[in-house]
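A.B. asks: Sequence lines, in order, name chains A and B. Note that UniProt numbering has the first sequence beginning at 1, numbered continuously upward. Note that UniProt numbering has the second sequence beginning at 1, numbered continuously upward. Every residue gets a Cβ at the ideal spot worked out from N, C-alpha and C, and that includes glycine. Provided herewith is a single structure, encoded as structure tokens, for subsequent inquiry.
Number of protein chains: 2
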Amino acid sequence: MIGKLNHVAIAVPDLEAAADLYRNTLGATVSEAVDQPDHGVTTVFIELPNTKIELLHPLGENSPIAGFLAKNPAGGMHHVCYEVDDITAAAEKLKADGLRILGDGNPKIGAHGKPVLFLHPKDLCGTLVELEEV
Amino acid sequence: MIGKLNHVAIAVPDLEAAADLYRNTLGATVSEAVDQPDHGVTTVFIELPNTKIELLHPLGENSPIAGFLAKNPAGGMHHVCYEVDDITAAAEKLKADGLRILGDGNPKIGAHGKPVLFLHPKDLCGTLVELEEV
């Protein structure tokens, strides 16, 4: 079912400092910051040859990553995103296997404009997993 | 400096259950478990089309991931590994920029038989980063 690793998301307390670190110290290709008000985050993408790192910073009140940064003030790995061909079929299979989909249990349109769902970390080795239909 | 994402490592409390989950529920290609006594871990690789997920489980006493699992009993994302062409040059550049290399500050031979180093998570947005020369 799962295909490519679309991205690894890292929540950071200082987006500019993190982007500078990846650009200047690690020598990677780093995008401009983009506010995603519908998702409560500002994102910066690190473009690697085979996948992406998504830097996440809270935007506005009730950001979904505010709690994570309160627990991890230095930042940390927040989730991994795997690509799937058919997110509806994936959701059915995962629910049948007993995995919990966060929210109302159905795919949503994610920060990249594509259908996504998030799986409960307790069902996946303590790892928050996003699936994105591509 | 950094090239491809070589792998994302996830520490898991039950290696067989985690491998089954990735193989049967997520439908991925999963390797057999390999003990790495010199590194204090048993590893399973999830082969994705563009990168790998490395499942880590403690092996023997003094495993370097025992403390992580004590703090995260359900498991969790442990590190990311980026590829570099020249690990000696990378180590010099990173030290000059003030980043701390774990251990004695020099690259070592890693679990995959290649020169690696680990950078202090506090210097990299709370993320433990491995660099591997390829």
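Using a Cβ-Cβ cut-off of 7 angstroms, state whether VAL12(A) counts as contacting chain B.
C.D. replies: Indexing the first sequence from 1 puts residue 12(A) at position 12. Yes - at least one Cβ of chain B is within 7 angstroms of the one on VAL12(A).
A.B. asks: Between the region 84–113 of chain B and chain A, which residues of the former have a C-beta closer than 8 angstroms to a C-beta of the latter?
C.D. replies: LYS93, LEU94, ASP97 and LEU99
A.B. asks: For a contact defined as C-beta to C-beta under 7 angstroms, what are the partners of LYS122(A) on chain B?
C.D. replies: Position 122 of the first sequence, counted from the start, is the residue given in the question as residue 122(A). Simply ALA74.
A.B. asks: Between VAL34(B) and THR42(B), what straight-line distance do the alpha-carbon atoms span, to the nearest angstrom?
C.D. replies: As a working note, residue 34(B) is residue 34 in the second sequence. As a working note, residue 42(B) is residue 42 in the second sequence. If you take the alpha carbons of VAL34(B) and THR42(B), they lie about 5 angstroms apart.
A.B. asks: Please compile the residues from chain A whose C-beta is within a distance smaller than 9 angstroms of the C-beta of VAL80(B).
C.D. replies: For this step, residue 80(B) is matched to residue 80 along the second sequence. Within chain A, the residues near VAL80(B) are VAL8, ILE10, ILE53 and MET77.
A.B. asks: Buried or exposed for THR25(A), going by 16 or more other Cβ atoms inside 10 Å?
C.D. replies: Along the first sequence, one-based indexing puts residue 25(A) at 25. Under a 10 Å Cβ-count criterion, THR25(A) is classified as buried, with 16 or more other Cβ atoms of the shown protein chains found around its own Cβ.
A.B. asks: So, helix, strand or coil for LEU21(A), using DSSP?
C.D. replies: Translated into positions along the first sequence, residue 21(A) becomes position 21. LEU21(A): helix per DSSP, three-state reduction.
A.B. asks: Just reading off the alpha helix (DSSP H) that ILE87(A) is part of, what are its end residues?
C.D. replies: Within the first sequence, residue 87(A) is the residue found at index 87, counting from 1. That run of the alpha helix (DSSP H) goes 87–96.
A.B. asks: Just to confirm, are VAL129(B) and LEU119(B) a CB contact at a threshold of 7 angstroms?
C.D. replies: Counting from 1 along the second sequence, the entry for residue 129(B) is found at position 129. Counting from 1 along the second sequence, the entry for residue 119(B) is found at position 119. Yes, Cβ-Cβ distance for VAL129(B) and LEU119(B) is below 7 angstroms.
A.B. asks: Compute the distance between the beta-carbons of residue 135(A) and GLY3(A), then report whether it is under 7 angstroms.
C.D. replies: Because chain A here runs from 1 to 134, residue 135(A) falls outside it and cannot be looked at.
A.B. asks: With 7 angstroms as the threshold, decide whether the Cβ of GLY67(B) is near any Cβ in chain A.
C.D. replies: Working through the second sequence from its first residue, we reach residue 67(B) at position 67. Output row for GLY67(B): interface = no.
A.B. asks: Run through the region 14–72 of chain A for me and flag every whole alpha helix (DSSP H) of 4 or more residues, listed as ranges in chain order.
C.D. replies: Secondary structure in the region 14–72 of chain A: the alpha helix (DSSP H) runs of 4 residues or longer, each lying completely within the stretch, are 15–20 and 66–71 in chain order.
A.B. asks: Go through its chain and collect everything with a Cβ distance to PRO64(B)'s Cβ below 6 angstroms, but skip five positions before and after it.
C.D. replies: What you label residue 64(B) is simply residue 64 of the second sequence in a count that begins at 1. Here the set comprises GLY40.
A.B. asks: Figure out for me which residue from GLU132(B), LEU48(B) and HIS112(B) has the closest Cα to the Cα of ASN106(B).
C.D. replies: The residue labelled residue 106(B) in the question sits at position 106 within the second sequence. Per the Cα distances, GLU132(B).
A.B. asks: In angstroms, rounded to a whole number, what distance separates the CA positions of PRO58(A) and GLY67(A)?
C.D. replies: Position 58 of the first sequence holds residue 58(A). Position 67 of the first sequence holds residue 67(A). Going by the C-alpha atoms only, they are around 10 angstroms apart.
A.B. asks: Compare the Cα-Cα distances from ILE53(B) to each of ILE10(B), LEU102(B), GLU16(B) and ILE109(B) and report the closest residue.
C.D. replies: Against the second sequence, residue 53(B) aligns to sequence position 53. Nearest C-alpha to ILE53(B): ILE10(B).
A.B. asks: Just verifying my parser: in three-state terms, what is the DSSP assignment at PRO115(A)?
C.D. replies: As a first step, residue 115(A) is located in the first sequence; it is residue number 115 there, counting from the start. Strand, per DSSP.
A.B. asks: Give me whichever residues DSSP pairs with LEU10(A) in a beta bridge.
C.D. replies: Within the first sequence, numbered from 1, the residue matching residue 10(A) stands at position 10. This sequence places Ile at residue 10(A); Leu is not what is there. DSSP output for ILE10(A) lists LEU55(A) and MET77(A) as bridge partner(s).
A.B. asks: Within 10 Å of its beta-carbon, does PRO49(B) have 16 or more other beta-carbons around it, so buried, or fewer, so exposed?
C.D. replies: For the purposes of this step, residue 49(B) is identified with residue 49 of the second sequence, where counting begins at 1. PRO49(B) should be labelled exposed.
A.B. asks: Given that ALA33(B) touches chain A, what residues does it touch there, using C-beta distances under 7 angstroms?
C.D. replies: By 1-based counting over the second sequence, the position of residue 33(B) is 33. Residues of chain A passing the Cβ test: none, with the nearest at roughly 15 angstroms.
A.B. asks: Quick one: residues in its chain with C-beta nearer than 8 angstroms to the C-beta of LEU102(A), no 5 flanking neighbours on either side, listed in chain order?
C.D. replies: Locating residue 102(A) in the first sequence gives position 102, where the first residue counts as 1. Result list for LEU102(A): LEU117, PHE118, LEU119 and HIS120, in chain order.
A.B. asks: Where does HIS108(B) sit, in a helix, a strand or coil, going by DSSP?
C.D. replies: Walking along the second sequence from the start, residue 108(B) turns up at place 108. The residue you asked about is not His; residue 108(B) is Lys in the sequence shown. In the structure shown, LYS108(B) adopts extended strand secondary structure according to DSSP, grouped into three states.
A.B. asks: Where DSSP assigns a beta bridge to ILE101(B), which residues make up the other side?
C.D. replies: For the purposes of this step, residue 101(B) is taken as the residue at position 101 of the second sequence. ILE101(B) is bridged to LEU119(B).
A.B. asks: Quick one: residues in its chain with C-beta nearer than 8 angstroms to the C-beta of ILE87(B), no 5 flanking neighbours on either side, listed in chain order?
C.D. replies: Within the second sequence, numbered from 1, the residue matching residue 87(B) stands at position 87. Hits under 8 angstroms: PRO107, PRO115, VAL116, LEU117, LEU131, GLU132 and GLU133.
A.B. asks: Quick one: what does DSSP say VAL129(A) is sitting in, helix, strand or coil?
C.D. replies: Taking the first residue of the first sequence as 1, we reach residue 129(A) at position 129. VAL129(A): strand per DSSP, three-state reduction.
A.B. asks: Pick helix, strand or coil for VAL134(B), following the three-state DSSP scheme.
C.D. replies: Your numbering for residue 134(B) matches position 134 in the second sequence. Reduced to three states, the DSSP call for VAL134(B) is coil.
A.B. asks: Report the CB separation of VAL44(A) from LEU69(A) in whole angstroms; it is logged as a contact under 8 angstroms.
C.D. replies: Numbered from its first residue, the first sequence carries residue 44(A) at position 44. Numbered from its first residue, the first sequence carries residue 69(A) at position 69. Their Cβ separation, rounded to whole angstroms, is 15 angstroms, which puts VAL44(A) and LEU69(A) out of contact at 8 angstroms.
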